[in-house]
Amino acid sequence: MPLDTNPTATPVAHLDYQALTPAVLDALTAPVVVTGWPAPPRALSVEALKTWLDGQILWVYARNAGDTWQEYAAGDFLDAWAAPDADPGLNVVDVYLQDPRFDAVFPVHPALDAANLLNRDARTAHYRRSVVLTAPGAYTPMHVDSYGCGGWMYLIEGEKHWELAHAAHGPGLWDAQTEDYADPRSGNWPDGVPTWTATLRAGEMMICPPGFVHRVATPVRCVGFGGAFLPEGHIGRGVEVWRREQTLGTAGSLDFADVLTQATATAAPAVQAAVAAALG
Ligand SMILES: O=C(O)CCC(=O)C(=O)O
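Structure representation (structure tokens):
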């Protein structure tokens with residue numbers, strides 16, 4: 025079930041894992057798919073996941089339970105998600121795993137860790153790593169990640185079809201009537217907005233730059249991990265999206281201005297100046 029993408033969509037470029045550096049993340053102007061990273065496990069069985077996630081609570085938007093957010097004990101979720109007739113609403117993508125014990129099984133690429141301002145404040149450090157567990161048939165419509173952060177996703181098993189539009193088009197893609205982003209599936213995608221597309225496969229990592237609008241379809245069961253990141257080079261974009269979220273009433277509860285100020289308190293003067301300029 026590939027996405028019926030914009031026919032002019034550009035394939036996302038691939039980048040070897042050794043070429044992914046903080047400088048590359050700072051300068052991102054397009055998504056990339058990182059290949060060849062040997063650190064993550066090649067497979068994680070349901071039993072192994074149960075062991076690693078034991079004691080975790082997973083939040084999931086469950087369509088089978090009346091279109092509501094549901095709280096699952098990890099073992100119960102994994103039983104439902106691994107069932108042959110799993111509900112396509114069983115999609116965990118932003119449940120954060122902060123405990124250091126997860127480093128042994130869900131690593132974070134060193135360039136992402138080094139570049140990520142979110143790691144430098146206790147209020148946002150948990151965004152560093154999340155687990156990805158998606159049932160076949162899941163679909164996530166166009167959206168921008170909270171606070172204008174970038175997102176990364178590494179797949180251990182399965183595949184996902186991504187389509188992304190540049191952050192600069194974010195304001196124009198917001199549909200005030202539906203109070204949501206335009207979605208090519210609903211036929212309200214404006215003309216002339218270019219996109220990138222990729223089928224993300226096991227062993228590959230998608231890097232979605234900060235503020236990019238994106239949607240994801242999942243045809244088969246997926247296991248992976250991901251996280252949110254904001255490099256110094258994208259501070260302005262993060263603040264711009266956060267301000268837009270505030271205007272739209274969709275902003276989260278973080279005082280993002282204070283997070284950025286604290287996270288860059290010991291950074292180079294040019295970075296502190298970028299924060300000051302972005303915050304006005
Ligand atoms: O995999 C998905 O269904 C959605 C992933 C995504 O868009 C995200 O993590 O921001």
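In my numbering, each residue's number is its place in the sequence shown (first place is 1) plus 24.
Where is the CB? At the ideal position from N, CA and C, for every residue including glycine.
As the structure is a computational prediction, the values presented were derived from the model and not from experiment.
Assigned secondary structure, Glu256 (DSSP; H/G/I helix, E/B strand, else coil): Position 232 of the sequence shown, counting from 1, holds the residue named residue 256. Note: Glu256 maps to helix in three-state DSSP.
Close-in-space but distant-in-sequence residues of the same chain around Pro64 (CB under 7 Å, 5 per side omitted): Position 40 of the sequence shown, counted from the start, is the residue given in the question as residue 64. So the qualifying residues of the chain are Pro131, Tyr178 and Ile180.
Unbroken alpha helix (DSSP H) run spanning Trp105, endpoints: For the purposes of this step, residue 105 is taken as the residue at position 81 of the sequence shown. Ala98 to Ala106 is the extent of the alpha helix (DSSP H) around Trp105.
Proximity test, Asp169 beta-carbon vs ligand 1 heavy atom, cut-off 7 Å: Along the sequence shown, read from residue 1 onward, the residue named residue 169 stands at position 145. Asp169 Cβ: within cutoff of ligand 1.
Beta-carbon gap between Leu52 and Cys173 smaller than 8 Å: Here residue 52 refers to the residue found at position 28 when the sequence shown is read from its first residue. Here residue 173 refers to the residue found at position 149 when the sequence shown is read from its first residue. Not closer than 8 Å, so no.
Extent of the continuous beta strand (DSSP E) to which Trp176 belongs: Here residue 176 corresponds to residue number 152 of the sequence shown, with the count starting at 1. For Trp176, the uninterrupted beta strand (DSSP E) segment begins and ends at Gly174 to Glu181.
Simplified DSSP assignment, three categories, for Arg267: Locating residue 267 in the sequence shown gives position 243, counting from the first residue. Assigned with DSSP and collapsed to three states, Arg267 falls in helix.
Burial state of Glu95, where buried means 16 or more other Cβ atoms lie within 10 Å: The count along the sequence shown starts at 1 and reaches residue 95 at position 71. It is exposed - the Cβ of Glu95 has fewer than 16 other Cβ atoms within 10 Å.
Near ligand 1: Asn115 beta-carbon under 7 Å from a heavy atom: Here residue 115 corresponds to residue number 91 of the sequence shown, with the count starting at 1. Yes, ligand 1 has a heavy atom inside 7 Å of this Cβ.
For Pro35, the three-state DSSP class (helix, strand or coil): Here residue 35 is taken as the residue at index 11 of the sequence shown, counted from 1. In the structure shown, Pro35 sits in a strand (DSSP, three-state: E or B).
Burial state of Ile305, where buried means 16 or more other Cβ atoms lie within 10 Å: The structure shown does not extend to residue 305, since the chain is modelled only from 25 to 304, so the question has no answer here.
Inter-residue spacing [alpha-carbon to alpha-carbon] between Asp282 and Arg147: As a working note, residue 282 is residue 258 in the sequence shown. As a working note, residue 147 is residue 123 in the sequence shown. Asp282 and Arg147: Cα-Cα distance of roughly 10 Å.
Unbroken beta strand (DSSP E) run spanning Asp215, endpoints: Taking the first residue of the sequence shown as position 1, residue 215 is located at position 191. Run containing Asp215: none; DSSP gives neither H nor E here.
Euclidean distance between Cα positions of Leu33 and His190: As a first step, residue 33 is located in the sequence shown; it is residue number 9 there, counting from the start. As a first step, residue 190 is located in the sequence shown; it is residue number 166 there, counting from the start. The sequence as given places Ala at residue 33; Leu does not occur at that position. If you take the alpha carbons of Ala33 and His190, they lie about 12 Å apart.
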